[in-house]
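Colleague: Below you will find the structure I want to go over with you.
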Amino acid sequence: MTTLTEQPAHQPSSPGTTAHGVAEARSLFDRQILGRALVEAFKKLDPRVQMKNPVMFVVLVGTVVTFLQSVAHPGVFDWSITIWLFLTVIFANFAEAMAEGRGKAQADTLRRMRSETEARRLRPDGTEERVAASALGKGDLVVCEANDLIPSDGEIVEGIASVDESAITGESAPVIRESGGDRSAVTGGTKVLSDRIVVRITAERGHTFLDRMITLVEGANRQKTPNEIALTILLAVLTIVFIPVVVTLQPFGHFSGATVSVVILVALLVCLIPTTIGALLSAIGIAGMDRLVQRNVLAMSGRAVEAAGDVQTLLLDKTGTITLGNRMASSFVPAAGVTEEELADAAQLASLADETPEGRSIVVLAKERFAIRERDLGEEHTFVPFSATTRMSGLDVDGRHIRKGAADSVRRWAEEQGGTTPAGLDEVVERISRSGSTPLVVADGPRILGVIELKDVVKTGIREKFDEMRQMGIRTVMITGDNPLTAAAIAQEAGVDDFLAEATPEAKMALIRSEQEGGKLVAMTGDGTNDAPALAQADVGVAMNTGTTAAKEAGNMVDLDSNPTKLIAVVEIGKQLLITRGSLTTFSIANDVAKYFAIIPALFAATYPQLETLNIMKLHSPTSAVLSAVIFNALVIVALIPLALRGVKFRPASSASILRRNVWIYGVGGIVTPFIFIKLIDLFLVAVHWY
Numbered sequence: 002m003t004t005l006t007e008q009p010a011h012q013p014s015s016p017g018t019t020a021h022g023v024a025e026a027r028s029l030f031d032r033q034i035l036g037r038a039l040v041e042a043f044k045k046l047d048p049r050v051q052m053k054n055p056v057m058f059v060v061l062v063g064t065v066v067t068f069l070q071s072v073a074h075p076g077v078f079d080w081s082i083t084i085w086l087f088l089t090v091i092f093a094n095f096a097e098a099m100a101e102g103r104g105k106a107q108a109d110t111l112r113r114m115r116s117e118t119e120a121r122r123l124r125p126d127g128t129e130e131r132v133a134a135s136a137l138g139k140g141d142l143v144v145c146e147a148n149d150l151i152p153s154d155g156e157i158v159e160g161i162a163s164v165d166e167s168a169i170t171g172e173s174a175p176v177i178r179e180s181g182g183d184r185s186a187v188t189g190g191t192k193v194l195s196d197r198i199v200v201r202i203t204a205e206r207g208h209t210f211l212d213r214m215i216t217l218v219e220g221a222n223r224q225k226t227p228n229e230i231a232l233t234i235l236l237a238v239l240t241i242v243f244i245p246v247v248v249t250l251q252p253f254g255h256f257s258g259a260t261v262s263v264v265i266l267v268a269l270l271v272c273l274i275p276t277t278i279g280a281l282l283s284a285i286g287i288a289g290m291d292r293l294v295q296r297n298v299l300a301m302s303g304r305a306v307e308a309a310g311d312v313q314t315l316l317l318d319k320t321g322t323i324t325l326g327n328r329m330a331s332s333f334v335p336a337a338g339v340t341e342e343e344l345a346d347a348a349q350l351a352s353l354a355d356e357t358p359e360g361r362s363i364v365v366l367a368k369e370r371f372a373i374r375e376r377d378l379g380e381e382h383t384f385v386p387f388s389a390t391t392r393m394s395g396l397d398v399d400g401r402h403i404r405k406g407a408a409d410s411v412r413r414w415a416e417e418q419g420g421t422t423p424a425g426l427d428e429v430v431e432r433i434s435r436s437g438s439t440p441l442v443v444a445d446g447p448r449i450l451g452v453i454e455l456k457d458v459v460k461t462g463i464r465e466k467f468d469e470m471r472q473m474g475i476r477t478v479m480i481t482g483d484n485p486l487t488a489a490a491i492a493q494e495a496g497v498d499d500f501l502a503e504a505t506p507e508a509k510m511a512l513i514r515s516e517q518e519g520g521k522l523v524a525m526t527g528d529g530t531n532d533a534p535a536l537a538q539a540d541v542g543v544a545m546n547t548g549t550t551a552a553k554e555a556g557n558m559v560d561l562d563s564n565p566t567k568l569i570a571v572v573e574i575g576k577q578l579l580i581t582r583g584s585l586t587t588f589s590i591a592n593d594v595a596k597y598f599a600i601i602p603a604l605f606a607a608t609y610p611q612l613e614t615l616n617i618m619k620l621h622s623p624t625s626a627v628l629s630a631v632i633f634n635a636l637v638i639v640a641l642i643p644l645a646l647r648g649v650k651f652r653p654a655s656s657a658s659i660l661r662r663n664v665w666i667y668g669v670g671g672i673v674t675p676f677i678f679i680k681l682i683d684l685f686l687v688a689v690h691w692y
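According to this note's numbering, the stretch in the sequence shown is residues 2 to 692, in order.
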């Protein structure tokens, strides 16, 4: 009998490949985003906005000071400094606006998708009334039939239906949603393709899943994470420290006979404070969440994305994550005196009516091994369906009674027919069980023919993924309901560090708490109501969109594709966010050191000739040195915007390796780059006779 099964709608989606979903492809240089970002960059000049970024607020104040000085004492140098300081603020605003713009463009797509639909609300007496979807409240019951849009988020309380969720996930294949299970949740804006369902609304007005998606992908509404706040405070402290340092240069210059104007002091301050990372910090965080959205994962907060980057323990379900999800026939092991082809022939006959993936795999394996095709059984045959009581299924045809099923059940049945257990059968069954596979015994009447091995197939490449996790210091734990023997065999084949067999909700919670008590951050996935407590307890809980409302509310991320292996990608994106922030912070601080040695010797070398030995760039004059540094300081922000938005390329490695890479590439590079480009800018200014 054909069964209603879920279509393969939840395969991993490539970033930006969905046609209608939230992960719509967006180029970094999309004209619409660029235009909006440019306008937003000027709007962000509002001091109330700038005060949220202490570093750039100081630059804005400095720009106002140099502007007033330029008006009072007009000069090419003063106006040049003022213009480039203003551009520095604009470039910083532009970087943040670009990151926000990508999210807002995705939000606009979602808004266009959201329409005012009519709902068929059930009255207490069982009759229907037509109301606007916006009028629905939590607890209302609505009826949806074929071609109806589901008006709001809810849970199916009656019926089963095929649902098109492409508007949310971008996947074209329909999925099955039914009452009473872990696949009862439905999302507003999706479309019913068949049958009739009754949905209980679970969302408050204006707080549907689609509303939350729109809010989450708009970077403007993103709250800063604890690490980001801490780094902002550190940058503010560095800025405050440099203010008195720079201010003291004025009396020092006066005492030494060097001319140090207010404009030069402001320019020097802007060059020495960490403007590069100050300008890009917000964009890095917003872009990290945007990269998750491109993978069809919604993070409920930036904290969750950061936590993913710091995860040390990864809990992964076996079925569908580590293995393909369905046990497949892998070999026929005949009993003594039986050929493998004879066993395969009987096994295929017993499986012709078996619509399960396991049954179909037996039919396919027999075809592949021995070219045995399905036979015309005629009218005189009876299929014996599987039952939990007999734990067998099979076929009665032409006087033959063929059965396949659990070893003890088939053995008992064969003995009742007058047969005996062949020598070595128990050893074969035990060996297959120990290897992590499932043995099915096949009998033709009293004669036991042998064993079919059903293997839980480990996904290709998953072992390499776990090796990468191990390189990053992440411990992987497989969660399964299998017995310890089977779990151990699969864990060894997959290459996980540990496993939890016969897992219950209580056992999952205990494992998470145990890891957390040891100071580790834990990530896990889940889709059922029984997963909700563990998802809430985990530092990173990724709920499947196909799961229950309880699971989605308990987790701090939702995977719209409902692909359990996405958890590994989530961790990688979190790592990339932290690596990008660390790399650009290293580059920014190294930049400041280089600019200090570029400007100070040029300013005071005339008064103190001993400083000439430090003036390795041989800049043309003190004013050209300051202007060149200010121009470089502004342009480097623009140059780093693509890196901040795309993120530093992620390579699985240990923390020590990442630190070394940062020091050599972004530390040394941050020191060398300003020397090269400040000199080039100085040569250009001299060539065009600016100085």
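The C-beta atom is built at its ideal place from N, Cα and C for all residues, glycine as well.
(1) Is the Cβ-Cβ distance between ALA552 and LEU568 less than 8 Å?
(2) Which residues in the same chain as ARG435 place their Cβ atom closer than 7 Å to its Cβ, once the five residues preceding and following it in sequence are excluded?
(3) Residue ranges of each alpha helix (DSSP H) run of no fewer than 4 residues wholly in the stretch 398 to 445, ordered along the chain?
(4) With DSSP run on the structure shown, which of helix, strand or coil describes MET525?
(5) Would ARG184 be called buried (16 or more neighbouring beta carbons within 10 Å of its own) or exposed?
(6) Specify, as a first and last residue, the run of the beta strand (DSSP E) that PHE384 falls within.
(7) Would the stretch 125 to 142 and the stretch 668 to 683 be scored as touching if the rule is three or more Cβ pairs under 8 Å?
(8) Leaving aside the five residues before and after LEU270 along the sequence, list all residues of the same chain whose C-beta is less than 8 Å from its C-beta, in chain order.
(9) Measure the alpha-carbon distance for GLN8 versus ARG178 and round it to whole angstroms.
(10) When the distance is taken between beta carbons, is ALA237 closer than 8 Å to VAL90?
(11) From what residue to what residue does the beta strand (DSSP E) around VAL541 run?
(12) Classify ILE230: buried if its beta carbon has 16 or more other beta carbons within 10 angstroms, exposed otherwise.
(13) Whose C-beta lies closer than 6 Å to the C-beta of LYS319 among residues of the same chain, with five residues either side of it excluded?
(14) Helix, strand or coil for VAL664 per DSSP?
(15) Tell me where the alpha helix (DSSP H) around SER362 begins and ends.
(16) Leaving out five residues before and five after ALA626 in sequence, what residues of the same chain have Cβ atoms less than 6 Å from its Cβ?
(17) In the structure shown, what three-state DSSP assignment does HIS21 receive?
(18) For TYR667, which option in LEU350, VAL594 and GLU356 has the closest C-alpha, if you only look at C-alpha atoms?
(19) If I follow the unbroken beta strand (DSSP E) through VAL339, where does it start and stop?
(20) For ALA73, which option in VAL264, LEU317 and LEU450 has the closest C-alpha, if you only look at C-alpha atoms?
(21) Helix, strand or coil for MET510? Go by DSSP, reduced to three states.
(22) With a threshold of 6 Å on Cβ separation, who are the neighbours of ASP499 within its own chain once the five nearest residues in sequence on each side are excluded?
(23) How about THR314 and ARG514: do their beta carbons lie closer than 8 Å?
(24) In whole angstroms, what separates the C-alpha of MET618 from that of ILE677?
(25) Which whole-angstrom value is the C-beta distance of GLU166 and THR191, which I expect to be below 8 Å?
(26) Relative to the C-alpha of ASN94, which candidate in ILE638, MET329 and ARG201 has its C-alpha closest?
(27) In whole angstroms, give me the CA-to-CA distance for ARG201 and SER153.
(28) So GLY102 packs on ARG37, CB below 8 Å; how close in whole Å?
(29) So ALA308 and VAL541 are supposed to be a Cβ contact under 8 Å. How far apart are they, rounded?
(30) Can you tell me which residues form a DSSP beta bridge with ARG32?
(31) How many whole angstroms separate the CB atoms of VAL306 and GLY575, which I take to be in contact at a CB cut-off of 8 Å?
(32) Please list, in chain order, all residues of the same chain as LEU39 whose beta carbon is under 7 Å from its beta carbon, the five residues on each side excluded.
(33) By alpha-carbon positions, which one of THR391, SER563 and ASP528 ends up nearest to GLU554?
(34) Counting only runs that start and end within the stretch 49 to 96, where is the alpha helix (DSSP H) found for 4 or more residues in a row?
(35) In angstroms with no decimal places, state the Cα-to-Cα distance between ALA407 and THR391.
(36) Can you pull the DSSP bridge partners for MET479?
Modeller: So, from the data block:
(1) In the sequence shown, residue 552 corresponds to position 551, counting from 1. In the sequence shown, residue 568 corresponds to position 567, counting from 1. Not a contact, by the Cβ cut-off of 8 Å.
(2) Position 434 of the sequence shown, counted from the start, is the residue given in the question as residue 435. Same-chain partners within the cutoff: LEU486 and ALA490.
(3) 408 to 417 and 426 to 435
(4) Position 524 of the sequence shown holds residue 525. Here MET525 sits in strand by DSSP.
(5) Residue numbering aside, residue 184 sits at position 183 when the sequence shown is read from its first letter. Counting the other Cβ atoms within 10 Å of the Cβ of ARG184 gives 16 or more, which makes it buried.
(6) Start at 1 with the first residue of the sequence shown, and residue 384 comes out as number 383. 382 to 385 is the extent of the beta strand (DSSP E) around PHE384.
(7) no
(8) Residue numbering aside, residue 270 sits at position 269 when the sequence shown is read from its first letter. Here the set comprises VAL59, GLY63, PHE243, ILE244 and VAL247.
(9) One-based indexing of the sequence shown puts residue 8 at position 7. One-based indexing of the sequence shown puts residue 178 at position 177. Residue confidence for GLN8 is low, a pLDDT of 32 falling below 50, so the modelled location carries little weight; the figure read from the coordinates is stated next. Cα to Cα, GLN8 sits roughly 11 Å from ARG178.
(10) Within the sequence shown, the letter at position 89 stands for residue 90. Within the sequence shown, the letter at position 236 stands for residue 237. Not in contact: VAL90 and ALA237 (Cβ atoms no closer than 8 Å).
(11) Here residue 541 is taken as the residue at index 540 of the sequence shown, counted from 1. Taken as a continuous stretch (DSSP letters only), the beta strand (DSSP E) holding VAL541 covers 541 to 545.
(12) The sequence position of residue 230 within the sequence shown is 229, counting from 1. The residue in question, ILE230, is exposed, as its Cβ has fewer than 16 Cβ neighbours within 10 Å.
(13) Here residue 319 refers to the residue found at position 318 when the sequence shown is read from its first residue. Here the set comprises MET479 and THR481.
(14) Within the sequence shown, numbered from 1, the residue matching residue 664 stands at position 663. Of the three classes helix, strand and coil, the one that applies to VAL664 here is helix, per DSSP.
(15) Locating residue 362 in the sequence shown gives position 361, where the first residue counts as 1. Segment 358 to 371, the alpha helix (DSSP H) holding SER362.
(16) If you number the sequence shown from 1, residue 626 lands on position 625. Closer than 6 Å at the Cβ level, and outside the excluded window around ALA626, lie ILE600, ALA603 and LEU620.
(17) Mapped onto the sequence shown, residue 21 falls at position 20. Residue confidence for HIS21 is low, a pLDDT of 39 falling below 50, so the modelled location carries little weight and cannot support an answer.
(18) Along the sequence shown, read from residue 1 onward, the residue named residue 667 stands at position 666. The shortest Cα separation from TYR667 among LEU350, VAL594 and GLU356 belongs to VAL594.
(19) To locate residue 339, count along the sequence shown from 1; it is residue 338. Under the DSSP assignment, VAL339 falls outside any beta strand (DSSP E); it carries neither an H nor an E label.
(20) For the purposes of this step, residue 73 is taken as residue 72 along the sequence shown, with counting starting at 1. Ranking the options by Cα distance to ALA73, first place goes to VAL264.
(21) For the purposes of this step, residue 510 is taken as the residue at position 509 of the sequence shown. DSSP places MET510 in helix when its eight states are reduced to three.
(22) Mapped onto the sequence shown, residue 499 falls at position 498. Correct list, in chain order: VAL478.
(23) If you number the sequence shown from 1, residue 314 lands on position 313. If you number the sequence shown from 1, residue 514 lands on position 513. No, they are not a contact pair.
(24) Counting from one through the sequence shown, the residue named residue 618 turns up at place 617. Counting from one through the sequence shown, the residue named residue 677 turns up at place 676. If you take the alpha carbons of MET618 and ILE677, they lie about 8 Å apart.
(25) Numbered from its first residue, the sequence shown carries residue 166 at position 165. Numbered from its first residue, the sequence shown carries residue 191 at position 190. Rounded, the Cβ-Cβ distance is 5 Å, consistent with contact.
(26) As a first step, residue 94 is located in the sequence shown; it is residue number 93 there, counting from the start. Closest option to ASN94, Cα to Cα, is ILE638.
(27) In the sequence shown, counting from the first residue as 1, residue 201 sits at position 200. In the sequence shown, counting from the first residue as 1, residue 153 sits at position 152. About 9 Å.
(28) The residue you call residue 102 lines up with position 101 of the sequence shown. The residue you call residue 37 lines up with position 36 of the sequence shown. With a Cβ gap of about 5 Å, GLY102 and ARG37 count as contacting.
(29) Here residue 308 corresponds to residue number 307 of the sequence shown, with the count starting at 1. Here residue 541 corresponds to residue number 540 of the sequence shown, with the count starting at 1. Confirmed, about 5 Å.
(30) The residue labelled residue 32 in the question sits at position 31 within the sequence shown. Paired residue(s): none; ARG32 is not in a bridge.
(31) Working through the sequence shown from its first residue, we reach residue 306 at position 305. Working through the sequence shown from its first residue, we reach residue 575 at position 574. About 5 Å separates the two Cβ atoms, so the contact holds.
(32) To locate residue 39, count along the sequence shown from 1; it is residue 38. For LEU39, where only same-chain residues beyond five positions count, the Cβ hits under 7 Å are PHE95.
(33) Residue 554 sits at position 553 when you count from the first residue of the sequence shown. Comparing Cα-Cα distances from GLU554 to each of THR391, SER563 and ASP528, the minimum goes to ASP528.
(34) 55 to 73
(35) Stepping through the sequence shown from its first residue, residue 407 is reached at position 406. Stepping through the sequence shown from its first residue, residue 391 is reached at position 390. Taking the straight line joining both Cα atoms gives about 9 Å.
(36) As a working mapping, residue 479 is identified with position 478 in the sequence shown. Answer is LEU317 and PHE500, bridged to MET479.
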